[in-house]
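S.K.: Start counting the sequence shown at 0; every next residue gets the next number (numbering that gives the first Met the number 0).
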Amino acid sequence: MISKFIQITLFAAGVSAFTPMLPPTLRPRARLVTPAISASPVVLKATSSVDAPSPRWTSIAKKSTVAALVLAVLPVIARASTGDSAEVLHIGQKVARVFQGRGLSDEMVVCLISAMPVVELRGAIPVGAWMGLPLPKVLGLCIVGNMLPIAPILYLLRFGPVQRLLKPVLDRAQSKASAFKDERSRAMLLAAFVGIPLPGTGAWTGAMGAFLLGMPFPTAMASIFAGVVSAGLIMTAVTAAGTAGAAVVGAVLIGAMISQVKGKGSSSEETE
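1) Does the CB of Met207 have a neighbour CB from chain B at under 9 Å?
2) Grab me the residues of Pro116's own chain with a C-beta within less than 6 Å of its C-beta, minus the 5 sequence neighbours each way, in chain order.
3) Count the other CB atoms within 10 Å of the CB of Ile1; is the residue buried (16 or more) or exposed (fewer)?
4) In this structure, how does DSSP classify Pro125 when only helix, strand and coil are distinguished?
5) Can the beta-carbon of His89 be found closer than 9 Å to that of Gly122?
6) From Leu147 to Ile257, what does the alpha carbon distance come to, in whole angstroms?
7) Quick check: the stretch 98 to 109 against the stretch 210 to 230, are at least 3 beta-carbon pairs closer than 8 Å?
8) Could you check where the alpha helix (DSSP H) with Ile90 kicks off and where it finishes?
9) From this set, Gly231, Gly201, Phe158, Ala239, which residue's C-alpha is nearest Leu140's C-alpha?
10) From Leu156 to Pro215, what distance separates their C-alpha atoms?
11) Below 8 Å CB to CB, which residues in the same chain sit around Gln162 once its five sequence neighbours on both sides are set aside?
12) Just to confirm, is the Cβ distance from Gly205 to Ile223 under 9 Å?
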């Protein structure tokens with residue numbers, strides 16, 4: 000943090016920088032009276048004779064003050080946007096630091112982060128790239144890690160105590176699962192829901208939605224796996240090629256899923 004001395008100096012510099020630009024008639028004029036020397040303690044007194052400031056001078060002085068304040072704040076903003084922001088870590092990176100401090104390998108760290116709720120694969124792939132692992136390896140580890148807790152979740156959700164424990168999360172998943180009304184396309188819609196790496200989506204929410212929809216275990220696992228692979232490809236494209244790569248991969252995957260849903264719907268109508 001910049002010291003108060005530097006801020007005061009910048010303030011004075013800003014005011015003094017604007018003063019020479021004023022016309023001579025608007026510059027303040029002061030007459031100092033030099034005190035006489037005597038044996039008694041010297042008391043310095045200064046009297047100034049300044050013309051009454053005009054409205055124009057008042058406006059310029061205010062602008063000078065504002066400019067000086069801006070000059071004082073700019074270094075703080077510049078420092079916050081460079082040095083300090085580089086030290087801010089994502090939640091996945093903080094978790095990775097904790098796991099690394101416990102002696103876990105980088106591969107194990109990436110796998111564990113992708114298995115965690117909220118973070119999941121969409122947060123683990125950037126962490127793996129940040130740790131210096133090859134992206135193909137990171138993608139495989141994250142897919143495996145993200146799928147590890149899904150089968151236990153689908154199994155444990157059958158029990159009443161687990162349902163009561165996860166009631167707030169299940170209620171939120173219920174609101175999302177209500178959109179999947181068509182039973183014929185539920186599998187593809189669930190895969191598309193899991194496959195879009197956005198807040199509120201993911202394998203954990205997809206597993207709860209599959210349970211609430213009453214989907215069979217094999218169908219739920221296959222749909223969630225397809226969504227995890229899609230999300231992994233999108234996040235890998237984001238990490239490797241930025242937003243443009245993610246848009247291309249996401250458009251191709253979502254287009255393929257939509258075409259599959261439409262194809263199943265048309266074929267079912269023909270059979271009817």
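Ideal placement from N, C-alpha and C gives every residue a C-beta, glycine not left out.
M.R.: Based on what the coordinates show:
1) No chain B is present in this structure, which holds just one protein chain.
2) Trp203
3) Summary for Ile1: the model assigns pLDDT 42, below 50, so the residue's position carries little reliability; its value from the coordinates is reported in the next sentence. The residue in question, Ile1, is exposed, as its Cβ has fewer than 16 Cβ neighbours within 10 Å.
4) helix
5) yes
6) 27 Å
7) no
8) 90 to 100
9) Gly231
10) 13 Å
11) Leu156, Leu169
12) yes
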